Amino acid sequence: MKPSQYPTSPEHIWEHFYQLTQIPRPSGQEQQVRDHIIALADSKGLQHKVDAAGNLVVYVPASQGYENAPTVAIQNHLDMVTVKTGDKAHDFTTDPLQLEIVDGWLRADRTTLGADNGIGVAAAMAVITDETVVHPPLELLFTIEEETGLVGASELDASMLSATKMLNLDTEDWGEIYLGCAGGYGYDATRPLATEAAKAGTRAYRFHLKGLQGGHSGVQIHEQLGNANKLLVEFLTSQTELPYQIVSFRGGIAHNVIAREASTVVMINDSDLDAWKNAMEDAKQRWLSYLPAADNAIEWILESVDDAKSDVVSAQDTQAFLQLISALPHGAQSYNLNEPADLVDLSCNLAVVNIKEGQLHIQTSLRFFNNQQTLGLKQQIEAILNAFQLESKCILDYPGWNPNFDSPLVNQAKALAEEITGEEVALKAIHAGLECGILLSKKPDMDVVSMGPTIRGAHSPTERMEISTVEPFWLLVKNMLKALK
Numbered sequence: 078m079k080p081s082q083y084p085t086s087p088e089h090i091w092e093h094f095y096q097l098t099q100i101p102r103p104s105g106q107e108q109q110v111r112d113h114i115i116a117l118a119d120s121k122g123l124q125h126k127v128d129a130a131g132n133l134v135v136y137v138p139a140s141q142g143y144e145n146a147p148t149v150a151i152q153n154h155l156d157m158v159t160v161k162t163g164d165k166a167h168d169f170t171t172d173p174l175q176l177e178i179v180d181g182w183l184r185a186d187r188t189t190l191g192a193d194n195g196i197g198v199a200a201a202m203a204v205i206t207d208e209t210v211v212h213p214p215l216e217l218l219f220t221i222e223e224e225t226g227l228v229g230a231s232e233l234d235a236s237m238l239s240a241t242k243m244l245n246l247d248t249e250d251w252g253e254i255y256l257g258c259a260g261g262y263g264y265d266a267t268r269p270l271a272t273e274a275a276k277a278g279t280r281a282y283r284f285h286l287k288g289l290q291g292g293h294s295g296v297q298i299h300e301q302l303g304n305a306n307k308l309l310v311e312f313l314t315s316q317t318e319l320p321y322q323i324v325s326f327r328g329g330i331a332h333n334v335i336a337r338e339a340s341t342v343v344m345i346n347d348s349d350l351d352a353w354k355n356a357m358e359d360a361k362q363r364w365l366s367y368l369p370a371a372d373n374a375i376e377w378i379l380e381s382v383d384d385a386k387s388d389v390v391s392a393q394d395t396q397a398f399l400q401l402i403s404a405l406p407h408g409a410q411s412y413n414l415n416e417p418a419d420l421v422d423l424s425c426n427l428a429v430v431n432i433k434e435g436q437l438h439i440q441t442s443l444r445f446f447n448n449q450q451t452l453g454l455k456q457q458i459e460a461i462l463n464a465f466q467l468e469s470k471c472i473l474d475y476p477g478w479n480p481n482f483d484s485p486l487v488n489q490a491k492a493l494a495e496e497i498t499g500e501e502v503a504l505k506a507i508h509a510g511l512e513c514g515i516l517l518s519k520k521p522d523m524d525v526v527s528m529g530p531t532i533r534g535a536h537s538p539t540e541r542m543e544i545s546t547v548e549p550f551w552l553l554v555k556n557m558l559k560a561l562k
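Numbering-wise, the sequence shown is residues 78 to 562 according to my numbering.
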């Protein structure tokens, strides 16, 4: 059900976005939303193709008078990050999102909103249904599994595209035009851990660290948000006077999300319970002394666990685990020398840390503009993984989009945006993995620009979209298409 005061103007883009929020679309499960768009194309008599990977292209003939204009691609991804708070009952594979409006922002009830990149998908759909839009021949490209590593773009059959210009609608700051994005590289690493019997007289408790903001591992990495994996291991490492044995550890959900929650089940003595509670409060106060205000809701939950496994990680491998996570890097590693300090050149996200039944599993990823700059960081991560005897494999490897300040399309977008805003519009690169870099590697003849309305908290349950920025964003898309004659 639409919330009261759900936006109605521009009608087409808002209606399509609402429909998208009612269709489950986790990464890897895009068939339902893809079929929804195909049904729309069929209703308008439009041709379409789906490649072997599952990417969709819808072909829209030119408006009258634009038949000889160069073909333009409009590109978005179909999938969304699926994150919710622990107290929210929601199945992202079946349940529609529950929308709400707060202080001019559209958000979902304790889940991600999917405005990343649903609002861009909605804009592309609006081009089909809004008869006031005039445009050249269009190729509407909808890719799959962007959020799990730009899979769709990497496997795209580029023969489906003839466009020489492309509008990517997957950035999150209205009033800024994007002309570059980061590349990415990632590791998946595992090793068995030796186990032993729990000490007699101990009992299993779960220490659950929650309330951190988490968020996008690219565009928010410079905000110094707390990483629950690092903080929980820091807490365990510092407990030199309180004996414990680790049964399990679980933190983080995906390579592109800063871990906002982590929990560990440990065997401890009941007689030490008060001391553990004091240590938890001490750690919380220490973290609050330097974490950003966005992480002020950090909290602990301590609960007994009746069904914990009897085996625990051996003392030797417990130390190895704690040292490994302490040693692995996380956060911004270097900043751009020519841009403001919020543009990170190189970063790393220690995304996932799990111990289950004696098996350790880690995912860590890095982002970059200049691939040559990654060598030292890759060597550092690989040396640490090797030193602790983990087997690792590459799970991400995609190119960046190097900024081109001389791009005619970029400068045209800048001029048109300034007509709308009445003020200067910045040209920027983004420390996130847009699909533009991969698509340009497949079609280097394309001129590319990226734009979008304002979205905050992407990849987290605080994701929200500023309603007032959607109408000017849509106007820019329309004006761009009208100008590309």
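The beta carbon of each residue, even a glycine, is placed where N, CA and C say it ideally should be.
Values in this document were obtained by computation on a predicted structure and should not be read as measured data.
Rounded to a whole number of angstroms, what is the C-alpha to C-alpha distance between residue i and residue j?
{"i": "N479", "j": "Q450", "result": "14 Å"}
{"i": "K386", "j": "E434", "result": "8 Å"}
{"i": "H293", "j": "N333", "result": "6 Å"}
{"i": "I90", "j": "I532", "result": "16 Å"}
{"i": "M572", "j": "T209", "result": "In the structure as shown, the chain begins at 78 and stops at 562. Residue 572 is therefore absent and cannot be evaluated."}
{"i": "A503", "j": "N488", "result": "11 Å"}
{"i": "L218", "j": "W364", "result": "44 Å"}
{"i": "I472", "j": "Q440", "result": "9 Å"}
{"i": "F59", "j": "L420", "result": "There is simply no residue 59 to check, as the chain begins at 78 and stops at 562 in what is shown."}
{"i": "P147", "j": "L238", "result": "12 Å"}
{"i": "E376", "j": "E311", "result": "15 Å"}
{"i": "R444", "j": "E144", "result": "41 Å"}
{"i": "Y282", "j": "L379", "result": "7 Å"}
{"i": "A164", "j": "F284", "result": "The amino acid at residue 164 is misidentified as Ala; the sequence shows Asp. Taking the straight line from one Cα to the other gives about 16 Å."}
{"i": "Q141", "j": "E216", "result": "17 Å"}
{"i": "I205", "j": "P84", "result": "20 Å"}
How many whole angstroms separate the CB atoms of residue i and residue j, which I take to be in contact at a CB cut-off of 8 Å?
{"i": "L190", "j": "L183", "result": "7 Å"}
{"i": "L246", "j": "N132", "result": "Wrong, their Cβ atoms sit about 16 Å apart, outside the cutoff."}
{"i": "Q176", "j": "P101", "result": "Going by the sequence as given, residue 176 is Leu instead of Gln. L176 to P101, Cβ: 15 Å. No contact."}
{"i": "E300", "j": "S391", "result": "About 37 Å separates the two Cβ atoms, so there is no contact after all."}
{"i": "A494", "j": "L414", "result": "Between L414 and A494 the Cβ distance is about 26 Å, and since that is not below 8 Å, they are no contact."}
{"i": "L256", "j": "N481", "result": "6 Å"}
{"i": "L319", "j": "A352", "result": "6 Å"}
{"i": "A271", "j": "S469", "result": "In fact, because the Cβ distance is near 20 Å, the residues do not count as touching under 8 Å."}
{"i": "G510", "j": "A428", "result": "With 8 Å as the limit, G510 and A428 do not qualify as a contact, their Cβ atoms being about 13 Å apart."}
{"i": "A139", "j": "H212", "result": "7 Å"}
{"i": "Y475", "j": "S120", "result": "Between S120 and Y475 the Cβ distance is about 35 Å, and since that is not below 8 Å, they are no contact."}
{"i": "V228", "j": "V324", "result": "In fact, because the Cβ distance is near 34 Å, the residues do not count as touching under 8 Å."}
{"i": "Q456", "j": "P406", "result": "Q456 to P406, Cβ: 12 Å. No contact."}
{"i": "L437", "j": "R268", "result": "5 Å"}
Tell me whether residue i sits in a helix, a strand or coil according to DSSP, three-state version.
{"i": "S315", "result": "helix"}
{"i": "Q362", "result": "helix"}
{"i": "M78", "result": "coil"}
{"i": "G408", "result": "strand"}
{"i": "D172", "result": "coil"}
{"i": "Q108", "result": "helix"}
{"i": "L443", "result": "strand"}
{"i": "D207", "result": "coil"}
{"i": "D347", "result": "helix"}
{"i": "E543", "result": "strand"}
{"i": "L423", "result": "strand"}
{"i": "T98", "result": "helix"}
{"i": "E300", "result": "helix"}
For residue i, list the residues DSSP reports as bridge partners.
{"i": "C471", "result": "Y264"}
{"i": "F284", "result": "T341 and L379"}
{"i": "V127", "result": "L133"}
{"i": "A503", "result": "E253"}
{"i": "D524", "result": "K242"}
{"i": "F326", "result": "T341 and I432"}
{"i": "A389", "result": "This sequence places Val at residue 389; Ala is not what is there. E273."}
{"i": "A185", "result": "L176"}
{"i": "P103", "result": "M157"}
Just to confirm my understanding: we take residue i, look at its own chain, exclude 5 residues before and 5 after, and list those with CB closer than 6 Å. What are they?
{"i": "L486", "result": "K242, D524 and V526"}
{"i": "S411", "result": "D422 and L423"}
{"i": "P549", "result": "I497"}
{"i": "H154", "result": "N194, T220 and E223"}
{"i": "A118", "result": "H125 and V135"}
{"i": "Y264", "result": "T441 and S469"}
{"i": "H167", "result": "K161 and T188"}
{"i": "V127", "result": "L133"}
{"i": "T225", "result": "S104"}
Residues in the same chain with beta-carbon distance under 7 Å from residue i, minus the five sequence neighbours each way, listed in chain order, please.
{"i": "R337", "result": "L289, Q290, G291, A305 and S537"}
{"i": "F326", "result": "T341, V430, N431 and I432"}
{"i": "I335", "result": "G291, G292, S294, Q297, L302, N304 and N426"}
{"i": "K276", "result": "Q322 and M344"}
{"i": "S86", "result": "E548"}
Please indicate yes or no: does the CB of residue i lie closer than 6 Å to some heavy atom of the ligand SAH?
{"i": "Y262", "result": "Within the structure as shown, the ligand SAH is missing, as the structure has no ligands at all."}
Which residues in the same chain have their Cβ closer than 8 Å to the Cβ of residue i, if we skip the five residues on either side of it in sequence?
{"i": "N448", "result": "G260, P476 and G477"}
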